[in-house]
Amino acid sequence: MSAGSERPEGAIEAPAAAPAHWAHRHLLDVDALTRPDIELVMRTADEMHDVLERPIPKVPALRGLGVTILFYEASTRTRVSFEVAAKNLSADVVNIAAASSSVSKGESLVDTVRTVEALGADMLVIRHSVSGAPYLAAEIFSGSVLNGGDGWHAHPSQALLDLYTLRSRLPGGLLEGRKVVILGDVLHSRVARSNVWTLTAMGADLWICGPSTLLRGFEAWAARGAAGRRFTVTSDAGAALQDADAVMALRIQKERMASGLLPSLREYAARYGLTNERLRAARPDAIVMHPGPMNEGVEIAADVAAGPRSMVTDQVHNGVAVRMALLYLLAGTRRTEAGA
Amino acid sequence: MSGSGGHDTTIRGWAVDPGTGHEGAAVLEVRDGVLERLVWLSGADAEGLTPGAALILPGLIDLHAHFREPGNEDAETVATGLAAAAHGGFTTVALMPNTTPALDEPSVLGRVLAAAGASGSPVRVLAHGAVTTGRKGETLSAMGELADAGVVGFSDDGAPVRSATVLRNALAYAGALGIPIVDHPEDLSLTEGAEASEGYVATVLGLKGWPAAGEAGSVARSLAVLADVVRDVPGARLHLTHVSTASSLEHVRAAKAAGLPVTCDITPHHLALADEWIAGARRWAWEALDGDGRARDPWADGALVARPYDTSLRVNPPLRSAQDAAACRAALRDGTADAIATDHAPHTEVDKHVEFGWAANGISGIETALSVVLAAVAAGELPLATAVALLTTGPARVLGARGGTAPGLRAGEPADLVVVDASGAWTPSAASLVSKGKNTPLLGRVLPGVVRLVLAGGRLAYAGD
Numbered sequence: 000m001s002a003g004s005e006r007p008e009g010a011i012e013a014p015a016a017a018p019a020h021w022a023h024r025h026l027l028d029v030d031a032l033t034r035p036d037i038e039l040v041m042r043t044a045d046e047m048h049d050v051l052e053r054p055i056p057k058v059p060a061l062r063g064l065g066v067t068i069l070f071y072e073a074s075t076r077t078r079v080s081f082e083v084a085a086k087n088l089s090a091d092v093v094n095i096a097a098a099s100s101s102v103s104k105g106e107s108l109v110d111t112v113r114t115v116e117a118l119g120a121d122m123l124v125i126r127h128s129v130s131g132a133p134y135l136a137a138e139i140f141s142g143s144v145l146n147g148g149d150g151w152h153a154h155p156s157q158a159l160l161d162l163y164t165l166r167s168r169l170p171g172g173l174l175e176g177r178k179v180v181i182l183g184d185v186l187h188s189r190v191a192r193s194n195v196w197t198l199t200a201m202g203a204d205l206w207i208c209g210p211s212t213l214l215r216g217f218e219a220w221a222a223r224g225a226a227g228r229r230f231t232v233t234s235d236a237g238a239a240l241q242d243a244d245a246v247m248a249l250r251i252q253k254e255r256m257a258s259g260l261l262p263s264l265r266e267y268a269a270r271y272g273l274t275n276e277r278l279r280a281a282r283p284d285a286i287v288m289h290p291g292p293m294n295e296g297v298e299i300a301a302d303v304a305a306g307p308r309s310m311v312t313d314q315v316h317n318g319v320a321v322r323m324a325l326l327y328l329l330a331g332t333r334r335t336e337a338g339a
Numbered sequence: 000m001s002g003s004g005g006h007d008t009t010i011r012g013w014a015v016d017p018g019t020g021h022e023g024a025a026v027l028e029v030r031d032g033v034l035e036r037l038v039w040l041s042g043a044d045a046e047g048l049t050p051g052a053a054l055i056l057p058g059l060i061d062l063h064a065h066f067r068e069p070g071n072e073d074a075e076t077v078a079t080g081l082a083a084a085a086h087g088g089f090t091t092v093a094l095m096p097n098t099t100p101a102l103d104e105p106s107v108l109g110r111v112l113a114a115a116g117a118s119g120s121p122v123r124v125l126a127h128g129a130v131t132t133g134r135k136g137e138t139l140s141a142m143g144e145l146a147d148a149g150v151v152g153f154s155d156d157g158a159p160v161r162s163a164t165v166l167r168n169a170l171a172y173a174g175a176l177g178i179p180i181v182d183h184p185e186d187l188s189l190t191e192g193a194e195a196s197e198g199y200v201a202t203v204l205g206l207k208g209w210p211a212a213g214e215a216g217s218v219a220r221s222l223a224v225l226a227d228v229v230r231d232v233p234g235a236r237l238h239l240t241h242v243s244t245a246s247s248l249e250h251v252r253a254a255k256a257a258g259l260p261v262t263c264d265i266t267p268h269h270l271a272l273a274d275e276w277i278a279g280a281r282r283w284a285w286e287a288l289d290g291d292g293r294a295r296d297p298w299a300d301g302a303l304v305a306r307p308y309d310t311s312l313r314v315n316p317p318l319r320s321a322q323d324a325a326a327c328r329a330a331l332r333d334g335t336a337d338a339i340a341t342d343h344a345p346h347t348e349v350d351k352h353v354e355f356g357w358a359a360n361g362i363s364g365i366e367t368a369l370s371v372v373l374a375a376v377a378a379g380e381l382p383l384a385t386a387v388a389l390l391t392t393g394p395a396r397v398l399g400a401r402g403g404t405a406p407g408l409r410a411g412e413p414a415d416l417v418v419v420d421a422s423g424a425w426t427p428s429a430a431s432l433v434s435k436g437k438n439t440p441l442l443g444r445v446l447p448g449v450v451r452l453v454l455a456g457g458r459l460a461y462a463g464d
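Chains A and B are the protein sequences, given in the same order. Residue numbering for the first sequence follows numbering that gives the first Met the number 0, starting at 0 and increasing by one per position. Residue numbering for the second sequence follows numbering that gives the first Met the number 0, starting at 0 and increasing by one per position.
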């Protein structure tokens, strides 16, 4: 990382030695991102990280562009993170917190997206409880759509900030052969699904672990691999954590007990909770991550969450840089298309 | 056309008559709607008349269609549905009773038949009555009155008959009337909220899985109940509709071998499309298998070409894996499955142009069914004669005597036939589809087989270019 203070205020250089031109108008999933694409996001995020170190962390890269943040699901950190990221790039930000409701109860997504566009949005960040909803938005919206999390499907910016955080702690930023464990409610997790793509793309030795009821379907995926890139699925937490370089715990929601997927939170915590004792099997320098919000004492012990291995605060901080990078890159394709 | 409305024409082509098992070059003369002469040709007379040119088939029969009237005429009416059926080569359609109100007593049937009469279409309309009042799964519908009014089956399609006791009573009561129960096999306790077939594709797309056990378990239960009922009511009959999984078909195969009175149908989309279409693949299901008969991985082999989560692919039961589709074709070849039925399910844009998980279930399929089946024939997946039987004599056997005259190309009877240009191709589009339902994943895809002429009961139902 270079020191941002050496650069004139407001300037963003093209990322040095960019391995690829950013060719994606939207960011709806990470399944189609190539390794050069991901490297480009990481390098751009480095630049943005430098911006964040400045006394006034603001650049005019998106001045005059309207960014609308349309969230159909409750969220604090992702929504605020996108808002801060867009504002740091001098975009005009509009926030819409739409109640998560069925189609019958209100305006359809199609109509809402048309309205948002008519009100001047150039970029749309959307979160939705239904998998695939951002694709529908992208079909209608003439600007760029950034998926802020859809159903169980994808959370691209989270996976990329997770990757950014991992790289910042691994020698040389290299994941090749590093054992990364995703632990918890994988079935319902868009974070897990997106991380499968990005972590395997970067060569990590990915392990997916949780109670078998919460791994449903992942054995079938692991048998294929992510575009052929292998990963491991197990319900054995001990095997998963053995010699791990990084562990990412996922939130366990209380609803999972009501639907019969788990006997109790107590039993989950006892068998899969990320405790210091369990972490002894991991490498001594292993790091711990969590996409938040955390249930301390359930999927992660309070002393682990607050302990020296925890990267939770770094993840939040890096999230702003990565989201700035994504908005910047998507705006770039917009400029390219307009100029062409 | 003569003054009585009967059609006059002479047709030369490759005739396939599953009624007699005859197949070959032929010339058919239709006078005043009656098939006066059918002459099988050979030698020089037969030149150019091949299965790849003009096909002459008995009029097709669809066991399973939704025409939405009464109650949802924005999606389809009896008149538009019949026009679509004719465009698809169908001269007989059996309509499902999930209208609003449900077809659970004769007056609703009266409305449907009146609409059919008013449409002027010569396509014959048959109807399934509901198994239970309001399709609620609680009390039996007016089965006897519906039987007197002419229904050909009883079905709570769209919903399974949840209670095994109700199913048992329905099989017994309808069996005494000589009418099959047409069951939609689904164990709702396994499928609540499901969006796609459980497995690899659904997992990657984050869609809630509809497990194969949700169908196979229901099939097994229904067969067990049937086995009990037939001991007391020998006329009891079970027809399983839109069967979609290998495991369900294994149950049916075993039940048939054991002599149980069970039949089943498979839709064109379950035999020809696979769940990978939801991810954006657009190859036929038989192209999605590797050398070992396993489903290929569309993420690994570059097969993802379309936008994912296209709601025209949301259907119940969901599109299955390519292996399941292969099992469906195997069942159609070996007689485990008795018919191909469209499950034509038209929907409005309002109900489909929404988030995938909130979109209405169903594919508008009555106009593309024959083309999809011909694509399977062209790929060597189904013999032509088998495919034609599965769309004509197969469904007729399921309907039994209530289905009316058996399909066939018989001289001296009103012409009921379809002429298809097998060498031609067409592209379904919002404009080219006659149905109000434009909800098909085949929009924009070039399909083989163009319907040129349809005669239903001696009258012109459709004439193409």
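Just so you know, even glycine gets a beta-carbon here, dropped at the ideal spot from N, CA and C. Quantities reported herein were computed from a predicted structural model and do not represent experimental measurements.
Near residue i, which residues of its chain fall below 6 Å by C-beta distance, leaving aside the five closest residues on each side in sequence?
i	result
S211/A	S234
D186/B	G213, G216, S217
V179/A	L198, A203, L205, A245
G105/A	none
S4/A	Bear in mind that the predicted position of S4/A carries a pLDDT of just 37, short of 50, making it unreliable; the figure below should be weighed with that in mind. Counting only Cβ-Cβ distances below 6 Å, and skipping sequence neighbours, we find nothing.
Going straight from the alpha carbon of residue i to that of residue j, what length do you get?
i	j	result
A324/A	A359/B	38 Å
H183/B	P159/B	5 Å
I365/B	Q322/B	24 Å
P447/B	W285/B	16 Å
V92/B	H63/B	7 Å
T77/A	V387/B	56 Å
A60/A	P292/A	31 Å
S101/A	T33/A	Because S101/A carries a pLDDT of 42, less than 50, the predicted location of this residue cannot be relied on, and the following value inherits that uncertainty. C-alpha separation (whole angstroms): 35 Å.
T240/B	P105/B	23 Å
D302/A	D284/A	16 Å
T79/B	T367/B	15 Å
L162/A	D49/A	18 Å
Would residue i pass as a contact of residue j if the rule is Cβ separation under 8 Å?
i	j	result
L222/B	V181/B	no
G176/A	R250/A	no
A375/B	A271/B	yes
D7/B	V29/B	yes
V224/B	A175/B	no
A22/A	T202/B	no
Y308/B	Y134/A	yes
A302/B	R319/B	no
G142/A	D121/A	yes
L390/B	L27/B	no
V200/B	A278/B	yes
Residues in its own chain within less than 8 Å of residue i by CB, not counting five upstream and five downstream?
i	result
V111/B	F66, E68, P69, V77, L94, T98, L102, V124, A126
L139/B	V130, T131, T132, V165, N168, A169, Y172
G331/A	W21
V353/B	T310
Could you tell me if residue i is buried or exposed, where buried requires 16 or more neighbouring beta carbons within 10 angstroms of its beta carbon?
i	result
G393/B	buried
A245/B	buried
P71/B	The residue asked about is misnamed: residue 71/B is Asn in this sequence, not Pro. That one is buried.
L69/A	buried
K435/B	buried
I10/B	buried
Can you tell me where the beta strand (DSSP E) holding residue i begins and where it ends?
i	result
N146/A	143-149
F70/A	65-70
K178/A	178-182
F89/B	89-94
A64/B	59-64
Could you check where the alpha helix (DSSP H) with residue i kicks off and where it finishes?
i	result
L486/B	Residue 486/B lies beyond the residue range present for chain B, which begins at 0 and ends at 464; the question has no answer from this structure.
M256/A	254-257
A400/B	That residue, A400/B, is in no alpha helix (DSSP H); it is neither H nor E in DSSP.
I'd like the list of long-range same chain contacts for residue i, defined as Cβ closer than 7 Å, with 5 residues on each side in sequence excluded.
i	result
S103/A	Here the model assigns S103/A a pLDDT of 46, short of 50, so the residue's position is not dependable, and the following value carries that caveat. Hits under 7 Å: none found.
A280/A	G237, L240, Q241
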